[in-house]
Amino acid sequence: MREVYFDHSATTPVHPVVAEEMIRYITGNFGNPSSMHSYGRTARKAMEEAREKVSLGVGAGPEEIVFTAGGTESDNMAIKGAAYANRNQGNHIITSAVEHHAVLDTCKSLEKEGFSVTYLPVDRFGMVSLESVADAINDKTILISIMHANNEVGTIMPVPEIGRLARERGILFHTDAVQSMGKIPVDVDEIQADFLSVSGHKFYAPKGVGALYIRQGAPWLPIRHGGGQERNRRPGTENVPGIVALGKAVELALADMKEESSRLVRLRNMIINGVMEKIPHTHLNGHPDKRMPNHVNLSFEFIEAESLVLSLDLEGVAASSGSACSSGSEKSSYVLSAMGVPKELARSSLRLTLGRDNTEEDVDYLLEILPAMVERLRLMSSSYKDKH
Amino acid sequence: MREVYFDHSATTPVHPVVAEEMIRYITGNFGNPSSMHSYGRTARKAMEEAREKVSLGVGAGPEEIVFTAGGTESDNMAIKGAAYANRNQGNHIITSAVEHHAVLDTCKSLEKEGFSVTYLPVDRFGMVSLESVADAINDKTILISIMHANNEVGTIMPVPEIGRLARERGILFHTDAVQSMGKIPVDVDEIQADFLSVSGHKFYAPKGVGALYIRQGAPWLPIRHGGGQERNRRPGTENVPGIVALGKAVELALADMKEESSRLVRLRNMIINGVMEKIPHTHLNGHPDKRMPNHVNLSFEFIEAESLVLSLDLEGVAASSGSACSSGSEKSSYVLSAMGVPKELARSSLRLTLGRDNTEEDVDYLLEILPAMVERLRLMSSSYKDKH
Amino acid sequence: MYSEKVIDHFTNPRNVGEIADADGVGEVGNPICGDTTKVSLKVENNVIKDIKFKTFGCGAAIASSSMLTEMAKGKTLEEALKITNEDVANMLDGLPPQKMHCSNLAADAMHAAIENYKNKNASS
Amino acid sequence: MYSEKVIDHFTNPRNVGEIADADGVGEVGNPICGDTTKVSLKVENNVIKDIKFKTFGCGAAIASSSMLTEMAKGKTLEEALKITNEDVANMLDGLPPQKMHCSNLAADAMHAAIENYKNKNASS
Ligand SMILES: Cc1ncc(COP(=O)(O)O)c(C=O)c1O
Ligand SMILES: Cc1ncc(COP(=O)(O)O)c(C=O)c1O
Ligand code: FES
Ligand code: FES
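Residue numbers (our numbering), protein chains in the order written: chain A, 13 to 400; chain B, 13 to 400; chain C, 515 to 638; chain D, 515 to 638.
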């Protein structure tokens, strides 16, 4: 059976070159970067080289990069750190209804601490409008957090415009670039971000490492306490192998981003067009062109998504329904709901996210097996016969 | 030149067997444990097996283990999570003056939020007394946090007694077992701990992974928000390779703990006795026998420790002065100060911490080179001639 | 996460469809996830002679529906009503904890179908 | 973290010791870390003929002391007083940022020793 992995927004395999680099810091070079001796110095040097690479990857200075354990930690650090540091300026935060739980739930927890949060609506393509951000700003607003690209539907938000607005109004701006980093250009100056979150395992680095960009001088307070590492912004012995891997992954992503992105757009469009052509009662979720190069999200009427994911899995194709991070029981995606997608269709959505390892043959295989699968499940479905 | 690593309390190399296991999850098996498809299920299975191993290693149930990014995160989670969850019961926390910064600085941050913290003194061996804990308890006390073994001087604290007292008084008990885990028996029931922190890289797992034991039913609140992983206690895509490695490292540590510990005690005593015999004006810091099997801390009068660490480094021996986590500028250890060690001696302290890779030949080499080094530095020292 | 039995019943579900001239029909929605199952019955001498289902739901829901219809076929109505969702899950060699609610769906729909049959007969 | 020059001067420090019949002696403690250096001088015709140091301090402190004494030897007192801690650090091919304060120690001790020499001469 052919094995096809179409779930790169959930996580990616580690790039072989990244793995090779990383393994050198697992089987050797194990020093603690805080140690004065040669083991420590070797580790510190590797870590600082990785910091340089990551900073180049987002257009920042190395001292503006703090290594973390992943996207969730970066989001928590950015939002809480900015909120606490600016408490005396105001208590209002603006975000969107379609952010990842790492942002949404952090905002919700801040609401319990006396902050007030506006969750902006999105249009039917999952897009936050600049106007809605402008309208939501009041004189208590201290932070705006809008994601660069959405994980469920792949919509790319107008973050440079939102960033400019925030800067003009003297409000801090955070963007969750977990899905965009390594796939489309991410530049903190173009976005005018004060904080930007990335997560290694979404772009061929391993799980357990990420980074937060903190603009030099941005008012922010650490949310973790300890031995002073990362210039006291994120204490704890540093994950050197992971950090080295993150640096390498950023470097590799930059090297062929343009070519790889065009290649993925082509495969992505093959899937979208192929499915729409072959399978009736199918809908594309997300923006038709302001979408991630690797991102497909389709709703198949009359079918519950999990059963389709399971069918695909049994034929060797890994896909997902909504976000892999959502708990198993949450059936209709809050992102699709916010986009106004009817409940039935929201529960019928299949996410296929492509990556470096995918080929045209993978797409052909999918297009070969999917129509019969959908047909089979529809014939079994209690909601199908009414329309047939 | 012989290469000798005597800094295992700062960090350890990854055990070759642990590395091998881990690498299988870097070069393959990359699924996200939250994913429904086969990639995800394989990852989840590996993670749950590791959780089982870690839980066995501390005498807990698997559902009581939460994976973290390391000791600092575990300490922060335990202390803040317990403090916030029990705010309505009281605001008083008891800890000791010789805890790691991950505990001390977390407590200090809580002081700014209205909590009141007692930092218990220690005796000249670095020991916290049960009586001082009992005396410090008041009706506002909600949490006691005392480390199992001290990282700078190796003293093993009477945590089972403190745990029993806490339990009797209905107060939560956290112990930082970062230094003891994998080296001496750690059992949450014997210690009567409600929370217990461990860090992988201190016992031959890689950097970037740790765990927190949270006793079933202990009142506690998560301090991070996101996608629901770790049953919402620590959201964020799990560091599967690190977690697998942690499980293996615990398993390996348990397998030969007794033998390895006796071996280390013998090497440790060879160093202590050898140095005391060969080098005058030398003092042992920490407890003579309630000390970690692998831990040596000696003060050499008239010598500033960093210059000795550098001399050793130049001869291939990695050692440290005080904690590797302390910032470079902090010269006299707060731990030694709390023990009443005079400032001059506190600045003269060398920490040598042994591990699996050390042999008798390593010790012989140290004992061969150290006396001349000390002598050389003393002859250069502005404080030496007065006494000579 | 699913047992081989679940996968088998998901891949080759037994008794899929609708009975054209059913004696009883029941359709229920799962209060937890909103998925739906429809069960239709043919009853002779108080015995379930034929039973079919259609499900809009997850893999566990489909497999449970399939298994339940297998278990119910040939049983008297009273016997069939005694089948619990635990029975269904057990016959499937278990379901993951977060999927236990899925096995309710089929049993509930059959209960509704039997109810429907009884109501019809009572009124005739 | 240290340059080869630092390591060289740490391993083979020049001018270690104390001049028995020194013309000027200075001992200072580093306000940042508490480390101490003692410098003793021999002065002839306003020129530093000999200079020695002793240091209780880190590697950078020892290397800086060694380098400073090398730089000062043979200079007039006025020239020697112009040597800054940056000069010392530069001659050592740099010091890590958190170690810059260490290079103050030797220069400060020499200043104190020259002061001491001048005071002695002024009073004689
Ligand atoms: C947009 C977005 N933000 C944040 C996260 C959280 O990242 P991680 O799981 O690495 O903590 C994810 C991944 O699930 C994501 O897609
Ligand atoms: C006693 C103790 N607690 C906590 C820590 C922090 O662990 P980590 O650096 O893995 O976050 C350390 C390690 O430096 C330690 O020795
Ligand atoms: S999730 Fe709805 S029946 Fe399984
Ligand atoms: S640390 Fe004191 S002189 Fe360098």
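Each residue gets a CB set at the ideal place from its N, CA and C atoms; glycine is no exception. Please read these numbers as outputs of a predicted model, since none were measured by experiment.
By the CB criterion at 9 angstroms, Ile91/A and Leu132/A fall outside the cutoff.
A Cβ-Cβ separation of about 24 angstroms leaves Met351/A out of contact with Val198/A under the 8 angstroms criterion. When DSSP states are grouped into helix, strand and coil, Ile168/A belongs to the strand group.
Proximity to Ala384/A across Lys290/A, Ser394/A, Pro247/A and Ala358/A peaks at Lys290/A, based on C-alpha coordinates. In this structure, the beta-carbon distance from Thr39/A to Phe42/B does not fall below 9 angstroms. Within 10 angstroms of the beta-carbon of Lys355/A lie fewer than 16 other beta-carbons, which makes it exposed. Beta-bridge analysis with DSSP links Ile106/B to Thr130/B and Ile156/B. No heavy atom of ligand 1 is found nearer than 8 angstroms to the CB of Met139/A. Of Val277/A, Ala31/A and Arg56/A, the smallest CA-CA separation from Leu264/A is found for Ala31/A. Lys57/A does not reach chain B, its nearest Cβ partner there being about 15 angstroms away, counting only Cβ pairs nearer than 9 angstroms. Remark: the shortest separation between the CB of Ala22/A and any heavy atom of ligand 1 falls under 8 angstroms. For Ala189/B, the closest Cβ of chain A is not nearer than 9 angstroms. Comparing alpha carbon positions, the residue from Asn163/A, Ala109/A and Asn98/A closest to Phe127/A is Asn98/A. Considering only beta carbons, the part of the region 571-594 of chain D lying closer than 9 angstroms to chain B consists of Gly571, Cys572, Gly573, Ala574, Ala575, Ile576 and Ser579, in chain order.
Among the residues of the region 530-553 of chain D, those with a Cβ less than 9 angstroms away from any Cβ of chain B are Val530, Gly531, Glu532, Glu541, Ile546, Cys547, Gly548, Asp549, Thr550, Thr551 and Lys552, in the order of the chain.
At a C-beta separation below 8 angstroms, Lys568/C has these neighbours in chain A: Met392, Ser393, Ser394, Tyr396 and Lys397. Nearest CB-CB separation between His112/A and chain B: below the 9 angstroms threshold. Under a criterion of Cβ atoms nearer than 7 angstroms, the residues of chain D adjacent to Glu316/B are, in order, Asp549, Phe570, Gly571 and Cys572. The continuous beta strand (DSSP E) containing Thr550/C extends over residues Thr550 to Glu558. An exposed status is given to Thr598/D, since fewer than 16 other beta-carbon atoms sit within 10 Å of its beta-carbon. If you ignore the 5 residues before and after Lys65/B, its C-beta comes within less than 6 angstroms of the C-beta of Gly259, Val262 and Glu263, all in its own chain and listed in chain order. In this structure, ligand 3 has no non-hydrogen atom nearer than 8 angstroms to the beta-carbon of Cys119/A. Residue contact with chain D for Arg363/B: absent (no Cβ-Cβ distance below 9 angstroms to any residue of chain D). Spatial neighbours of Leu595/D in its own chain (CB-CB distance under 7 angstroms, excluding positions within 5 residues in sequence) are listed in chain order as His625 and Ile628. Rounded to whole angstroms, the separation of the alpha carbons of Met515/D and Gly573/D is 11 angstroms.
Closer than 8 angstroms to some heavy atom of ligand 4: that describes the Cβ of His615/D. Classified as exposed, Thr590/C has fewer than 16 neighbouring CB atoms from the shown chains inside 10 Å of its CB. Rounded to the nearest angstrom, the Cβ distance from Asn103/A to Lys152/A is 6 angstroms, consistent with a contact under 8 angstroms.
Counting C-beta pairs closer than 8 angstroms gives fewer than three between the region 545-560 of chain C and the region 372-381 of chain B, which falls short of the contact rule. By the rule that beta-carbons nearer than 9 angstroms mark a contact, Lys302/A does not touch chain C. Where Ile381/A is concerned, the enclosing alpha helix (DSSP H) starts and stops at Glu372 to Met392. No Cβ of chain B is located within less than 9 angstroms of the beta carbon of Glu60/A. Looking at the backbone, the Cα of Ile255/A and that of Glu250/B are separated by about 16 angstroms. At a C-beta separation below 9 angstroms, Ile521/D has these neighbours in chain B: Leu322 and Leu326. In chain order, Leu326 make up the part of chain A whose C-beta sits under 7 angstroms from the C-beta of Thr525/C. Per DSSP, the unbroken alpha helix (DSSP H) holding Leu276/B starts and ends at Met269 to Lys290.
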